[in-house]
Structures are given as structure tokens and as C-alpha cells.
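The structure appears right after this line, and notes come after that.
Chains as they are written, first to last, in my numbering: chain A, 155 to 276; chain B, 185 to 496.
Here it is as C-alpha cells:
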């Protein structure tokens, strides 16, 4: 009797273990396939470099440089697409709001009085 | 406010200044070394004030024609290009014109000169700068002519120094040599900010110079003196050998190289009232301050919409 009952319990346990195991295998395999698919099709990178600095007594500045890019590859021998973006200037305005003229090499300076050099006649 | 790492020192009776973005501040000492090396090399090649400079020490050889160092050949090439660009308004032989006149007077009482090169020079009516022969590194200077590369050589030194910093250290840099400002490499945070003002009290502009561009200013207010009741300044009109009419207090030009910017500002002062038309045709951004203090902005120079209140 004991043996028979133990045999029935063992069968149920075995059945349950098989079911759970199958589920685990399916999940792991599915996740692996998905991860592999993602890795083979898309590689996304992004980086952000943020620096905040303060100069004693004369003001402060915050500089943020951000870049992001996406590289897509569709298997060996297939086409590759690279796309990237950086901090952009649109409508002729720089990030600090000054006007630009890319062809002349000169734009309006900042309004905070910062000066790196002075050009004078010599 | 932008934060920078900067250092400056006395050089050529003016001031040398090198500026890096604050994030590159660890390279400041090396950047200063780059500027000092470049300026020392330029000085050794073409200074008129050193007996041991290549230009002075080899002056006798240069009359006959000789191979010169690559750096001196480059500096002469740039000076002759400046003369060509301006039809002789920026003349590397002009500094010796009066000396040459004095030499000619002495020469009239001397024994006849029979050296073919000297005779050929005497028969050649072209301006002296057109008679300078530079072929590769072979340089021949007409008899009685000594080159004065001062203006273009200082600007060239600024160009080379900025480029040297970027090439060696991989960082953006601004180099100013007596107001000749050159930039190279990546933009710093906020961009290179340059104040444009000749003398205290003159109208001032505050502009941002794109990296890789340069700015220079020529002035009729510096190095002035009185002669027979006439105000003189140091920029001579090669047609007359006299100071150019001071139509403009100062002229500033932005160009891809400091040599070009300096060449155009000098020529603009010489050309006087014709300068705006010439500068406009060149397409370069320029700013001219007239004798009465009024300001003319050309070629994309930003309007004075916000800076007027900051003018000193």
C-alpha cells in the first residue's frame, strides 16, 4: 500500500516537475532566441557626458555633451544602417540662442561677458 | 559664463595667449610649449631684429639665391601670396623702401656695379616683391631689398601654433599673438568668445569665432607719431611710402586662416574708402570702425543688436 501510494505521489511529482521544467526550458530558450535576435539586429549605444563646474566668485557654467547612435545590422552580408544624432543647432540658432552664419565663421557672442581673447590692432 | 584654462606671456613686444576649454586644462602646459616652440622657430627663421636669424644671417646668400629652410620658404611664400592677393598693398619689401632709397643715393656715388644680377634688378621696373624669386626652397631676394615678414609671420605663427596644439594634444585651442587670433580643433563649451575692440573707448563687439577660423585687426591708432605737424601711423601705402590715410580707426576680418585675415585687414586700411567694396566682394566677414567712430559690418558679421550696451 505504502508503495502504491508512494508510486502515485511520485508520478504526480514527476509530472509536475516535467511541466515546470518544460516551462523553464521554454522560457530560457525563448529569452535566448529573443536576446539573440535583438543582438543580431540592433545594437544601440548612447553616452552622456555631463560636467558641471563653478568658478569661484565669477559665475558658473554647466556643460552638457550628449551623443546617441543606433547601428542596425541584418545578418551577414546584409545591409548596415548607421544613424546618429548629436546636440543640434536649428533655424540658425546655437544652443545658447545666438544667431549663426556658418559661411562667415563668426556669430554673435554670448551675453554674459565671457571673453577668451581680444583682437586689437598691433 | 564659460570656464577656460588660459596662460599668457610677453612675446615680440606684445602678448602671447593660449586658451583651452576647462575640460582640457591638464594639457595647458604642453599647449604653452607648443606655442613657444612654434614662435621660437618663426623668430629664428625670419626675425629682423636678430643677427642670427636665418633671414639676416644669410642675407648675402639670399642675394645670390640659395636653398632656405622649409619654414622660411613657407613664410616667404605666405608673404608673397599676401602681396599677390592685395596687388601689393601688403608688401613684404615695403619696410626697407626708405632704407633702399637711401642706399640708392649712396650707390649713385659708388663704382659702377657690373654683377649681372644687380644690373638685371636695376633694369627691372617691377615692384620689389614681384622680383623675389621663390621656387620650392630656393629663394633669391633682389639686391638692396630685405624682406620684412613681420605682419604675415606673426599671423602664420598663430595659425601654426593652434594647429600644433590640436595635432599633438588632440584638443581644441585658441592662440592669440598680439591680437592675431587663431583657433583649431573642437569647439569648447560655449564656443570661442572674442572681444573686438582696438582702444579703450572704441566701439566694442563680442563675437563667437567658429573653430578652425581666425580673426585679425589692423589699426591706425597704434604706433602713431607726429611728423611736421602730421599724424603718422605704421601702416604704409606702398604707392607713396607714406602712412595710409586714416579713413578707418581699425579693421577686423574673420577668415579661415589668420594670415588671410591679417592680410585683408592691412590691405583694407591701405585701400581706405575703397575697402568696404573690396571686402564685400571677398565675402569675408569684416568690421570697420570709421574715424568718426561709426561701425560698418559686412559679410555676415553679426549685427550689434545686443552688444551695444556692453560697448566700453
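We treat Cβ as the ideally placed atom computed from N, Cα and C, and that holds for glycine.
**Study point:** Beta bridge counterpart(s) of residue 192 of chain B as assigned by DSSP
**Key:** As a first step, residue 192 of chain B must be located in the second chain, where it is residue number 8. Residue 192 of chain B is bridged to B:201.
Point to revise | Test item: CB-CB of residue 359 of chain B and residue 378 of chain B under 7 Å | key: Here the question's residue 359 of chain B lines up with position 175 in the second chain. Here the question's residue 378 of chain B lines up with position 194 in the second chain. Their beta carbons are not under 7 Å apart, which means residue 359 of chain B does not touch residue 378 of chain B by this criterion.
Exercise for review: Going by DSSP, name the residue or residues bridged to residue 427 of chain B.
Suggested key: Counted from its first residue, the second chain places residue 427 of chain B at position 243. In the DSSP output, where bridge partners are listed per residue, residue 427 of chain B has B:420.
Point to revise | Beta-carbon neighbours of residue 434 of chain B, restricted to chain A and to distances below 7 Å | key: Along the second chain, one-based indexing puts residue 434 of chain B at 250. By Cβ distance, chain A contributes 275.
**Study point:** As assigned by DSSP and simplified to three states, the class of residue 377 of chain B
**Key:** Position 193 of the second chain, counting from 1, holds the residue named residue 377 of chain B. Per DSSP, reduced to three states, the secondary structure at residue 377 of chain B is strand.
Check your understanding: Which of the three DSSP states, helix, strand or coil, is assigned to residue 482 of chain B?
Key -> Residue 482 of chain B sits at position 298 when you count from the first residue of the second chain. If DSSP states are grouped into helix, strand and coil, residue 482 of chain B belongs with the strands.
Point to revise | Beta bridge counterpart(s) of residue 360 of chain B as assigned by DSSP | key: Numbered from 1 along the second chain, position 176 holds the residue referred to as residue 360 of chain B. According to DSSP, residue 360 of chain B shares a beta bridge with B:201 and B:365.
Point to revise | 8 Å Cβ shell around residue 255 of chain B - same chain, five flanking residues per side excluded | key: Walking along the second chain from the start, residue 255 of chain B turns up at place 71. Taking residue 255 of chain B as the centre and dropping the five residues before and after it, the same chain places the C-beta of 225, 226 and 229 closer than 8 Å to its C-beta, in chain order.
**Study point:** 9 Å Cβ cut-off: residues of chain A touching residue 273 of chain B
**Key:** As a working note, residue 273 of chain B is residue 89 in the second chain. For residue 273 of chain B, none of the residues of chain A pass the 9 Å Cβ criterion, the least Cβ distance being about 16 Å.
Review point. Cβ atoms of residue 443 of chain B and residue 345 of chain B: under 7 Å apart, would you say?
Key: By one-based count along the second chain, residue 345 of chain B stands at place 161. By one-based count along the second chain, residue 443 of chain B stands at place 259. With respect to residue 443 of chain B, residue 345 of chain B sits apart: the two C-beta atoms are not nearer than 7 Å.
Exercise for review: Report yes if the C-beta distance between residue 452 of chain B and residue 435 of chain B is below 7 Å; otherwise report no.
Suggested key: Reading the second chain from its first residue, position 268 is the one you call residue 452 of chain B. Reading the second chain from its first residue, position 251 is the one you call residue 435 of chain B. Yes, they are a contact pair.
Check your understanding: With DSSP run on the structure shown, which of helix, strand or coil describes residue 221 of chain B?
Key -> Within the second chain, numbered from 1, the residue matching residue 221 of chain B stands at position 37. Residue 221 of chain B falls in the helix class under three-state DSSP.
Practice item. Using alpha carbons as the reference points, say which of B:477, B:337 and B:474 lies closest to residue 441 of chain B. Key: If you number the second chain from 1, residue 441 of chain B lands on position 257. With distances taken between Cα atoms, residue 441 of chain B lies closest to B:337.
Practice item. Answer yes or no: do residue 393 of chain B and residue 367 of chain B have a C-beta to C-beta separation smaller than 7 Å? Key: Position 209 of the second chain, counting from 1, holds the residue named residue 393 of chain B. Position 183 of the second chain, counting from 1, holds the residue named residue 367 of chain B. Against a cut-off of 7 Å, the Cβ pair of residue 367 of chain B and residue 393 of chain B comes out as a contact.
Practice item. Please go through the stretch 310–349 of chain B and give each complete beta strand (DSSP E) segment of 3 or more residues, from N-terminal end onward. Key: The qualifying runs are 317–319 and 322–324.
Review point. Is the stretch 187–195 of chain B touching the stretch 204–212 of chain B in the sense that three or more CB pairs, one from each, lie closer than 8 Å?
Key: With three or more CB-CB distances shorter than 8 Å, the stretch 204–212 of chain B counts as touching the stretch 187–195 of chain B.
Exercise for review: Can you give me the Cβ contacts of residue 387 of chain B inside the same chain, cut-off strictly under 7 Å, excluding the 5 residues immediately before and after it?
Suggested key: Counted from its first residue, the second chain places residue 387 of chain B at position 203. These residues qualify, in order along the chain: 473, 477, 479 and 495.
**Study point:** Cβ-Cβ distance between residue 486 of chain B and residue 273 of chain A below 7 Å
**Key:** For the purposes of this step, residue 486 of chain B is identified with residue 302 of the second chain, where counting begins at 1. For the purposes of this step, residue 273 of chain A is identified with residue 119 of the first chain, where counting begins at 1. Result no, Cβ atoms of residue 486 of chain B and residue 273 of chain A do not sit closer than 7 Å.
Practice item. Verify whether the separation of the beta carbon atoms of residue 369 of chain B and residue 380 of chain B is less than 7 Å. Key: For the purposes of this step, residue 369 of chain B is identified with residue 185 of the second chain, where counting begins at 1. For the purposes of this step, residue 380 of chain B is identified with residue 196 of the second chain, where counting begins at 1. No.
Check your understanding: Taking the alpha helix (DSSP H) that residue 187 of chain B falls in, what are its first and last residues?
Key -> By 1-based counting over the second chain, the position of residue 187 of chain B is 3. Residue 187 of chain B -> no alpha helix (DSSP H), and no H or E assigned at all.
Review point. Helix, strand or coil: how does DSSP classify residue 262 of chain A here?
Key: Numbered from 1 along the first chain, position 108 holds the residue referred to as residue 262 of chain A. In the structure shown, residue 262 of chain A sits in a strand (DSSP, three-state: E or B).
Practice item. State yes or no: is the beta carbon of residue 348 of chain B nearer than 7 Å to at least one beta carbon in chain A? Key: On the second chain, position 164 is the one that residue 348 of chain B refers to. When Cβ-Cβ separations below 7 Å define contact, residue 348 of chain B makes no contact with chain A.
Point to revise | Closer than 7 Å to chain D by CB, residue 259 of chain A | key: In the displayed structure, chain D is absent; the protein chains listed are A and B.
Check your understanding: Under three-state DSSP, which class holds residue 472 of chain B?
Key -> As a working mapping, residue 472 of chain B is identified with position 288 in the second chain. Strand at residue 472 of chain B.
Review point. For residue 278 of chain B, which option in B:248, B:329, B:245 and B:433 has the closest C-alpha, if you only look at C-alpha atoms?
Key: Counting from 1 along the second chain, the entry for residue 278 of chain B is found at position 94. Selection B:248, B:329, B:245 and B:433 evaluated against residue 278 of chain B yields B:329 as nearest (Cα-Cα).
Exercise for review: Please determine, among B:456, B:249 and B:467, the residue with the shortest C-alpha to C-alpha distance to residue 445 of chain B.
Suggested key: As a position in the second chain, residue 445 of chain B is number 261, starting the count at 1. Among B:456, B:249 and B:467, the Cα nearest to that of residue 445 of chain B is on B:467.
Check your understanding: Nearest to residue 315 of chain B by alpha carbon, out of B:347, B:272, B:334 and B:343?
Key -> Residue mapping note: residue 315 of chain B aligns to position 131 of the second chain, counting from 1. Answer by Cα proximity: B:272.
Review point. What did DSSP end up calling residue 207 of chain B once you bin it into helix, strand or coil?
Key: As a first step, residue 207 of chain B must be located in the second chain, where it is residue number 23. Reduced to three states, the DSSP call for residue 207 of chain B is helix.
Review point. Could you give the residue range of the beta strand (DSSP E) that holds residue 432 of chain B?
Key: Reading the second chain from its first residue, position 248 is the one you call residue 432 of chain B. Residue 432 of chain B -> beta strand (DSSP E) spans 432–439.
Exercise for review: Please decide whether residue 173 of chain A counts as near chain B, where near means a Cβ-Cβ distance under 7 Å.
Suggested key: Position 19 of the first chain holds residue 173 of chain A. Chain B, which has no Cβ nearer than 7 Å to the Cβ of residue 173 of chain A, makes this no.
Practice item. List the endpoints of the continuous alpha helix (DSSP H) containing residue 265 of chain B. Key: Translated into the one-based positions of the second chain, residue 265 of chain B becomes position 81. 254–269 is the span of the alpha helix (DSSP H), which, as asked, contains residue 265 of chain B.
Practice item. Under 6 Å Cβ to Cβ from residue 481 of chain B, same chain only, skipping five residues before and after it: list those, please. Key: Indexing the second chain from 1 puts residue 481 of chain B at position 297. Correct list, in chain order: 471.
Practice item. Starting from residue 360 of chain B, find everything on chain A with Cβ-Cβ shorter than 9 Å and list it in chain order. Key: Numbered from 1 along the second chain, position 176 holds the residue referred to as residue 360 of chain B. Within chain A, the residues whose beta carbon sits less than 9 Å from that of residue 360 of chain B are 270, 271, 272 and 273, listed in sequence order.
Review point. Does the Cβ of residue 247 of chain B have 16 or more other Cβ atoms within 10 Å, making it buried, or fewer, making it exposed?
Key: Within the second chain, the letter at position 63 stands for residue 247 of chain B. A buried status is given to residue 247 of chain B, since no fewer than 16 other beta-carbon atoms sit within 10 Å of its beta-carbon.
Review point. What do you reckon, are the CB atoms on residue 326 of chain B and residue 312 of chain B nearer than 7 Å?
Key: Residue mapping note: residue 326 of chain B aligns to position 142 of the second chain, counting from 1. Residue mapping note: residue 312 of chain B aligns to position 128 of the second chain, counting from 1. With respect to the 7 Å criterion, residue 326 of chain B and residue 312 of chain B are classified as neighbours on the basis of their beta carbons.
Practice item. Just the chain A side, please: which residues come within less than 9 Å of residue 480 of chain B by C-beta, in chain order? Key: One-based indexing of the second chain puts residue 480 of chain B at position 296. Per Cβ cutoff of 9 Å: no residues; residue 480 of chain B is ~15 Å from chain A at best.
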